[in-house]
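2 protein chains.
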Amino acid sequence: MARTQPTPSSRPTIRDVAAQAGVSVSSVSRVLNREPHTSPELHARIMRVVDRLGFEPHSAAQALRSRASNTIGCMVSDISNPLYSEMVNAAEEELQRAGYVLMLGATRHAEERETAFISAVRRRRMDGLLLFAGDNAHKAFTGALATLDLPCVGIDREVPGAPSVRVDHRGGGLEVTRHLIGLGHRRIALLTGPAAVLPSTERVAGYRQAHVEAGLGVDLDLVRPQVHGSGIAFSDVCQLLQGPAPPTAIITLGTHMLASVMDAFASNGIRYPHDISLVCIGDTDLARHATPAISSLTWDLAEVGRIAAKILLERVRGGDQPRDTRPVYLPTRFILRHSCAAPHAT
Amino acid sequence: MARTQPTPSSRPTIRDVAAQAGVSVSSVSRVLNREPHTSPELHARIMRVVDRLGFEPHSAAQALRSRASNTIGCMVSDISNPLYSEMVNAAEEELQRAGYVLMLGATRHAEERETAFISAVRRRRMDGLLLFAGDNAHKAFTGALATLDLPCVGIDREVPGAPSVRVDHRGGGLEVTRHLIGLGHRRIALLTGPAAVLPSTERVAGYRQAHVEAGLGVDLDLVRPQVHGSGIAFSDVCQLLQGPAPPTAIITLGTHMLASVMDAFASNGIRYPHDISLVCIGDTDLARHATPAISSLTWDLAEVGRIAAKILLERVRGGDQPRDTRPVYLPTRFILRHSCAAPHAT
DNA sequence: CTCAATTGTGGAAACGTTTCCAAGAAGCAG
DNA sequence: CTGCTTCTTGGAAACGTTTCCACAATTGAG
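Structure (C-alpha cells):
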C-alpha cells in the first residue's frame, strides 16, 4: 500500500506524490517537467497531490541526475563597491527571472579566493559564470579558468574564448584627457584602479592617446594606480600636490576615491577649479552635489549587468553552438560641470 | 581492471580514485572527509591519486546523501543599496571563510520574489538563511518563512523564533530628534524608508519619543515613508517646503535620498542650515563633503554583517540545541557637522 | 591463553531525481 | 483483420556521494 507518511517530519518526495496519486514515479517527473505525452487527466491528478503535499523537488537530486544545477556563479572583487553592486543587481534580476540562482563569490582581490571560487564552481557544477573585472596578472587563476569548460561572460574583463561586455573606458579616458588638454593642462594626474585590471589599463591607454594626439609626452609619475581601500588615494594626492611639479588637473575614480582626493585638497589648502581641475570617473551623488559640482564620466551600469546576464543565458541554454565571442561595448558619457578651468600661467 | 579513463572528457568520480588507488570507495570517502580510523599510508596514497586526477567531489551528490548543501541563502531587497551591500560583503567574507557559499536573492520589495526565494531555499536544502530588512506586512511571506525549519538570522528584521542583529535605530532617531528639538525646532520632517520595515518603524518610534519627552505633539504629515527608487523624496520635500507650515528641520536617509533632498532645496531656493536644518541617517561621502558638511547618524555596517554571519554559523553547526534568540543591538553614533542651526523666529 | 574491545577496510544500500526502455492501448492504412 | 505507427504509462537503471554494517586483524585485560 502507499505509505502515507513515509518518515514523519521529513519532506515529501516524488515517490510519495506518485503513491498518493496512484501513478508511477516517472509519470510524476514527466508532468512536473512539462514533457509531452502526458494526458491532461494525469496532469491534473498529479498536480493536485503535489499541491496538497507541498511537494518541492530536491534540487541536489535533480542536479545529480540531470547535470544542470540552475545556478550561476558571480565572481566579483568587492560587492560593497557600488560600481559592482549596481551591475550585480541588474544581472541578478535577469537571471532570477530565468529561474537561475546567483552564487556570489567576493574575492577581495586575493588570488587564492579566486581559485577557491573556481573550485566551488566546479564542484557545484554551476551552469555558467559571470566574471567581473579582476586582476589579469593572476596566472594561477586564469589557468584554472581555462580548464573550466563552462559558459562564461566577462564584464570589463577579457576572458579567453568567452564573450564579454565592456565599457569603453579607453574612449572615456581619451575624452576626459582631451578636454583637460584642450583647456591648457599639461600635467594631468590620473588616479585609477589596480594596473592589471582591464578598465584601468584601457583608461590609461586613452589617457596616453590623448597626450600623443596633442604631441605631448606622458609623465608616468602622474599615473597612480590605487590599491583598493578608500584611504589610499589621500597620500598619493598629497604627495603629488607637494611635489616639485604638481599636476594642474586630476582625474580620479568616483567611488571611494573622490572623497579622499577632496580631503587631500582640503588639507593642502587647495580649491578646485581655481587651483586645480578635477574630473571624476563614475558619477556619484557627491560629484553631482559637491560645490562646485564635479564633471564626471558616466555610463549605464545596470545595462552592463543586464546585457551580460542575457548573453550568458543565451550561451547556457544554447548548448555548444559556436558563438560570437566579440566583446560588446557600451559608451561612456562626459558630464560637464564646474570643476575644470584653464590652468594658471606659471 | 581499473578503468583509467571511464567516460573520456567526463570528470573523475570517487570510483575512479578508488580504482586507481586500489582501495574501496568508502575508504576514499573517509579520507576525504578526515574521518578517524584511516591509516596514514592509505591517506597518503589516496591523496596522491586525488591530486593527480584533479578529483573534485560532486557537491550535488554530497548534498543528496549527507543532507547538507554548504549553502547559505541571503535575502535582501536591493543589493545595489550600499547600506545592504556593505553588510552582505562582510557576511560573505565570514561565510566564505567557513566554507559556505552565499546564494543571493534580491527581492526588490516584491512579495512574490520573496516567496519564490524561500521556495528556492527549500528545494536547494540550504543550510541557513540571512534575512535582511524587508516588509513585515508581507503575510504570505512570513507564513512561508514560519514553515521553514531552518537556522535563520534576521538583520534589522524580526524573525519569529530566530535571533537577529539590529542597529539601535530607535535610539538613533531619538538622539537626532532630541538634538533638533534642543535647538528649538518644533516642526521636524522625517523622511525614512517604507513604514513596515523595522528600521523605519524604530526610527519613527524614537522620533515620537523625543517629541513626547519634550511635551510636543507629532504632526504625522511630517513623517514621510518613501517608496524605493531615488527620485521619490524630491516631490515629498517640495510639497513640504511649499506647504502652509513648512518644517524647520529635515531628517532624511543618506543613501539615494539625501541627494534628492538637496535637489529639492536647490529648486526651492532654500539653503541649509540657514533656512532649514538637515540631518542624514547613514553617513555617506556626500554628507561628509557637502558644503556645509551634513550632520549624520552612523553605525558599523560591516560589523552588523559579520555578527549576523557568525551567529548563523553557530546555529548551523550547533545542531538544534535551544539557543538564545534575543536580538543583538549595535549602537548608532551621531556625528555633528554644520547642517543644523536654531530655527528662525516666525 | 582467552575473550572482548578497538581499529582499519570493503561491500552495499541508501539519498531523490531523470531518463532509457519496454509494453500495452489506440489509431490508421491496406 | 493484420501489421505499423503513435501515444501513454510503468519499471528500473543510472547520477556520485555518504553511511551503515560486517568482518578481519590487532590490542589489551584478566
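Chains A and B, in that order, are what the protein sequence lines are.
Going from the first sequence to the working numbering is simple: count from 1 and add 21.
Going from the second sequence to the working numbering is simple: count from 1 and add 21.
All C-beta atoms in this analysis are idealised placements derived from N, C-alpha and C, irrespective of residue type, glycine included.
**Request:** Round the Cβ separation of A254 (chain B) and M278 (chain B) to the nearest angstrom and send it over; I've been treating them as touching at under 8 Å.
**Result:** About 5 Å separates the Cβ atoms of A254 (chain B) and M278 (chain B), confirming a contact at the 8 Å cut-off.
**Message:** Suppose the cutoff is 8 Å on Cβ atoms and the five residues either side in sequence are ignored; what does the same chain contact list for V349 (chain A) look like?
**Reply:** Excluding residues within five positions, the ones whose Cβ falls inside 8 Å are P184, S185, V186, R187, I328 and I332.
**Asked** Count the other CB atoms within 10 Å of the CB of P268 (chain B); is the residue buried (16 or more) or exposed (fewer)?
**Response** Around the C-beta of P268 (chain B), 16 or more other C-beta atoms lie within 10 Å, and the residue is accordingly described as buried.
**Asked** Helix, strand or coil: how does DSSP classify D257 (chain B) here?
**Response** Per DSSP, reduced to three states, the secondary structure at D257 (chain B) is helical.
**Message:** Determine whether the beta carbon atoms of A217 (chain A) and D156 (chain A) lie at a separation below 7 Å.
**Reply:** For A217 (chain A) and D156 (chain A), yes; Cβs fall inside 7 Å.
**Prompt:** For G203 (chain A), which residues from the same chain have a beta carbon less than 7 Å from its beta carbon, with the 5 sequence-adjacent residues on both sides left out?
**Reply:** Hits under 7 Å: none found.
**For T198 (chain B), the first and last residue of its enclosing alpha helix (DSSP H)** = Taken as a continuous stretch (DSSP letters only), the alpha helix (DSSP H) holding T198 (chain B) covers H190 to G203.
**Message:** Going by DSSP in three states, Y350 (chain A) sits in which element: helix, strand or coil?
**Reply:** Y350 (chain A): strand per DSSP, three-state reduction.
**Request:** Could you have a look at R187 (chain B) and say whether DSSP puts it in helix, strand or coil?
**Result:** In the structure shown, R187 (chain B) falls within a strand segment according to DSSP collapsed to helix, strand and coil.
**Prompt:** Got a sec: which bits of the region 71-92 of chain B sit with their beta carbon under 7 Å from any beta carbon on chain A, in order along the chain?
**Reply:** Going along the region 71-92 of chain B in chain order, one finds E77, P78, H79, S80, A81, A82, A84, L85 and S90 with a Cβ nearer than 7 Å to chain A.
**Among A:C259, A:G126 and A:G194, the one whose alpha carbon lies nearest that of F286 (chain A)** = Among A:C259, A:G126 and A:G194, the Cα nearest to that of F286 (chain A) is on A:C259.
**Prompt:** Cβ atoms of L123 (chain A) and L116 (chain A): under 7 Å apart, would you say?
**Reply:** L123 (chain A) sits close to L116 (chain A), with the two beta carbons spaced by under 7 Å.
**Asked** Do you know how far the Cα of R344 (chain A) is from the Cα of V70 (chain A)?
**Response** Straight-line Cα distance between these residues: approximately 43 Å.
**Request:** Evaluate R336 (chain A) with the Cβ neighbour count: other Cβ atoms within 10 Å of its Cβ, from every protein chain shown; 16 or more gives buried, anything less gives exposed.
**Result:** Within a 10 Å sphere around the beta-carbon of R336 (chain A) sit 16 or more other beta-carbons, which makes this residue buried.
**Prompt:** Just to confirm, does P215 (chain B) get its C-beta within under 6 Å of one of the non-hydrogen atoms of the ligand GDP?
**Reply:** Summarising the ligand content, the structure contains no ligands, and the ligand GDP is consequently not present.
**Asked** So which residues of chain B does N54 (chain A) contact, with C-beta pairs closer than 7 Å?
**Response** Among the residues of chain B, none has a CB under 7 Å from the CB of N54 (chain A); the nearest is roughly 14 Å distant.
**Prompt:** In three-state DSSP terms, what is R171 (chain A)?
**Reply:** One detail in the question is off: residue 171 (chain A) reads as Leu in this sequence, not Arg. DSSP places L171 (chain A) in coil when its eight states are reduced to three.
**Request:** Could you tell me if A89 (chain B) is buried or exposed, where buried requires 16 or more neighbouring beta carbons within 10 angstroms of its beta carbon?
**Result:** Classified as exposed, A89 (chain B) has fewer than 16 neighbouring CB atoms from the shown chains inside 10 Å of its CB.
**Prompt:** How far does the beta strand (DSSP E) with G303 (chain A) in it reach, from first residue to last?
**Reply:** Segment: none, G303 (chain A) is in no beta strand (DSSP E) and carries neither H nor E.
**Residue environment, R191 (chain A), which counts as buried when at least 16 other CB atoms sit within 10 Å** = A residue is called buried when at least 16 other Cβ atoms come within 10 angstroms of its Cβ; R191 (chain A) meets this threshold and is buried.
**Message:** Tell me the DSSP secondary structure of T136 (chain A) in three-state form.
**Reply:** Annotated three-state conformation of T136 (chain A) is helix, per DSSP.
**Request:** At 7 Å on the CB atoms, spell out the chain A contacts of H310 (chain B), in chain order.
**Result:** The answer, in chain order, is A280, M283, L307 and A311.
**Message:** Going residue by residue through the region 27-104 of chain A, where are the continuous beta strand (DSSP E) segments of at least 3 residues, counting only ones entirely within it?
**Reply:** Within the region 27-104 of chain A, the complete beta strand (DSSP E) runs of at least 3 residues fall at 92-97.
**Request:** Establish whether the CB of A65 (chain B) and some CB of chain A are separated by less than 7 Å.
**Result:** It does not; no Cβ of chain A falls within 7 Å.
**Request:** Please report how far the alpha carbon of A270 (chain B) lies from the alpha carbon of T163 (chain B), in whole angstroms.
**Result:** C-alpha separation (whole angstroms): 36 Å.
**Item:** Within-7 Å CB hit, E107 (chain A) to chain B
**Value:** Answer yes: the Cβ-Cβ gap between E107 (chain A) and chain B drops below 7 Å somewhere.
**Prompt:** For A329 (chain A), which of helix, strand or coil comes out of DSSP?
**Reply:** Note: A329 (chain A) maps to helix in three-state DSSP.
**Asked** For a contact meaning CB atoms closer than 7 Å, what does I139 (chain B) contact in chain A?
**Response** Counting only Cβ-Cβ distances below 7 Å, I139 (chain B) has no contacts in chain A at all, with the closest Cβ about 10 Å away.
**Request:** Could you list which residues in chain B have their beta carbon closer than 7 Å to that of L125 (chain A), in chain order?
**Result:** Going along chain B in sequence order, the residues near L125 (chain A) (Cβ under 7 Å) are E113, L123 and L125.
**Item:** Short CB-CB distance (under 7 Å) between S101 (chain A) and chain B
**Value:** Yes, its Cβ sits closer than 7 Å to a Cβ of chain B.
**Asked** Any residues in the region 126-160 of chain B with a beta carbon nearer than 9 Å to a beta carbon of chain A? Which ones, in chain order?
**Response** Of all residues in the region 126-160 of chain B, only G126, A127, R129, R134, A137, F138, S140, A141, R143, R144, R145 and R146 place a beta-carbon less than 9 Å from a beta-carbon of chain A.
**Request:** Find out if the Cβ-Cβ distance for the pair S98 (chain A), T59 (chain A) is shorter than 7 Å.
**Result:** Not closer than 7 Å, so no.
**Message:** Taking its Cβ as the centre, do 16 or more other Cβ atoms sit within 10 Å of D257 (chain B), making it buried, or is it exposed?
**Reply:** Its Cβ being crowded by 16 or more others within 10 Å, D257 (chain B) is buried.
**Request:** Just the C-alpha distance for I100 (chain B) and S45 (chain A), rounded to the nearest angstrom, thanks.
**Result:** Rounded to whole angstroms, I100 (chain B) to S45 (chain A) spans 43 Å at the Cα level.
**Asked** With respect to the beta strand (DSSP E) encompassing L274 (chain A), which residues constitute its N-terminal and C-terminal limits?
**Response** From DSSP, the beta strand (DSSP E) with L274 (chain A) extends over A270 to L274.
**Message:** I'd like the list of long-range same chain contacts for R51 (chain A), defined as Cβ closer than 6 Å, with 5 residues on each side in sequence excluded.
**Reply:** For R51 (chain A), where only same-chain residues beyond five positions count, the Cβ hits under 6 Å are T59.
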